[in-house]
Amino acid sequence: MTFSPSRYDTMQYRRCGRSGLQLPAISLGMWHNFGTNANHDVCRNMMRRAFDLGITHFDLANNYGPAPGSAEERVGQILKQDFSDHRDELIISSKAGYRMWPGPYGEWGSKKYLVASLDQSLRRLGLDYVDIFYSHRSDLNTPLEETIGALDQIVRQGKALYVGVSNYRGPRFVETMELVKARGWTPITIHQPVYNMRNRWIEEELLPETEKYGAGVICFSPLAQGVLTNKYLDPAQPIPQESRAADPDGYLQAEQVTPEVIAQVRELAPLAEARGQTIAQLALAWLLRDTRVTSALIGARNVQQVEDCVGALANLEFSAEELSVIDRLFPRA
Ligand SMILES: NC(=O)c1ccc[n+]([C@@H]2O[C@H](COP(=O)([O-])OP(=O)(O)OC[C@H]3O[C@@H](n4cnc5c(N)ncnc54)[C@H](OP(=O)(O)O)[C@@H]3O)[C@@H](O)[C@H]2O)c1
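Residues 1418 to 1750 (our numbering) make up the sequence shown, in order.
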């Protein structure tokens, strides 16, 4: 497979906290649209086009599908088909935390689960190591020392280069960083929280802490699963057939796309238009206005969506008036 020689020309790369790792400002995740029912060629084209646009980071987890594990299997096939000469240009991540197999060792944060799950992920992906491995959620019933100690061991074994945490609340993140410092363990390079205009919890609770401890932040669901786009704005077809809200396997439920939510998003349209952006581009640019955000982690169902999202990078500047319109529509947490 030959990729565009200009693939690094326009993407912006941001340093992940105070680490040596740089990530593309837009990364592509495989939570939806890469499972058993997905069209292999569409998946392949999305990954190839993404890489040609400078998206060097693909994000996975053990349970992405459906069925759980199938997204890693599919990406493993595509890496083999198209990316075998480019492994050193890619950052591939995986995670463990949610239910993956039956019994007490198939979820949460024990060492038993994390180590076994990563071994399974590596087999599915056909890789010797992942670049980033995450504890996918905080487990209050397992000693933090055990979960974070397992991440340290995984790096020392060469199965991951960097480690991170996802969905950890602010105080738990601080506890984690203090523990790592006290033990001299492998640093937590990155946090993966949800962040978008509709969910601004990290602004007060987490970003000051990630900055203080020098961790990067990659924000998932930056488009609120597709709500912060023009997708649901057509009154004649409020839930389009080709949408996550219409997909029985989709995490976004049609009931969540209420008339109130749509009215809010519709008010973004004039602002987006004035900036020469789509609503999706506006939502991504708004997220990336904060330089403490390393990367916006999008999902996509086709190549056009990937291209549209990358187009957000053409304008990341906001006037005070634009920001206050957004604050009025989507108040801070
Ligand atoms: N750590 C965690 O716990 C966690 C949780 C969730 C997600 N994640 C990660 O974050 C990634 C992204 O999450 P997400 O898929 O919810 O992100 P998202 O970017 O908020 O939503 C993706 C959806 O938005 C729509 N979309 C994307 N680009 C568009 C465009 N340019 N124009 C119109 N619609 C567009 C598509 O919806 P349609 O399918 O409706 O077309 C797409 O499936 C996941 O793949 C995963 O890697 C992590």
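Just so it is clear, CB atoms sit at the ideal spot from N, CA and C, and this is done for glycine as well. Quick caveat, the model's predicted, so the values are computed rather than measured.
Own chain partners of residue i with C-beta closer than 7 Å, once the 5 adjacent residues on each side are dropped
i, result
"glycine 1575", "Tyr1546"
"leucine 1733", "Ala1702, Leu1705, Arg1706"
"tyrosine 1530", "Ala1513, Tyr1522, Gly1523, Glu1524"
Any non-hydrogen atom of ligand 1 closer than 6 Å to residue i Cβ
i, result
"tryptophan 1448", "yes"
"glutamine 1670", "no"
"leucine 1640", "yes"
"cysteine 1636", "no"
"isoleucine 1472", "no"
"leucine 1714", "yes"
"aspartate 1725", "yes"
"lysine 1648", "yes"
"aspartate 1505", "no"
"alanine 1717", "yes"
"serine 1660", "yes"
"asparagine 1584", "yes"
"alanine 1488", "no"
"glutamine 1609", "yes"
"alanine 1689", "no"
"aspartate 1476", "yes"
For residue i, three-class secondary structure by DSSP
i, result
"histidine 1449", "coil"
"valine 1644", "coil"
"aspartate 1651", "coil"
"glutamine 1537", "helix"
"histidine 1608", "strand"
"tyrosine 1668", "coil"
"isoleucine 1656", "coil"
"serine 1741", "helix"
"glycine 1433", "Note on residue identity: the sequence assigns cysteine, not glycine, to residue 1433. Residue state, collapsed to three classes: coil."
"proline 1676", "helix"
"glycine 1633", "strand"
Cβ-based burial, residue i [other Cβ within 10 Å; buried from 16]
i, result
"tyrosine 1668", "exposed"
"threonine 1708", "exposed"
"asparagine 1454", "exposed"
"alanine 1653", "exposed"
Proximal residues to residue i (C-beta, below 8 Å), its chain only, five neighbours per side dropped
i, result
"glutamine 1673", "Val1644, Ala1662"
"proline 1519", "none"
Cβ-based neighbour list, residue i, same chain, cut-off 6 Å, excluding 5 preceding and 5 following
i, result
"arginine 1718", "Asn1450"
Ligand 3 heavy atom lying under 6 Å from the CB of residue i
i, result
"alanine 1697", "Ligands in the displayed structure: ligand 1; ligand 3 is not one of them."
(request) List in chain order: all unbroken alpha helix (DSSP H) runs of 4+ residues lying wholly within the region 1465 to 1517. (result) 1487 to 1499
(message) As an exercise, report each continuous alpha helix (DSSP H) stretch of at least 4 residues that is fully enclosed by the region 1514 to 1599, in chain order.
(response) 1528 to 1542, 1561 to 1573
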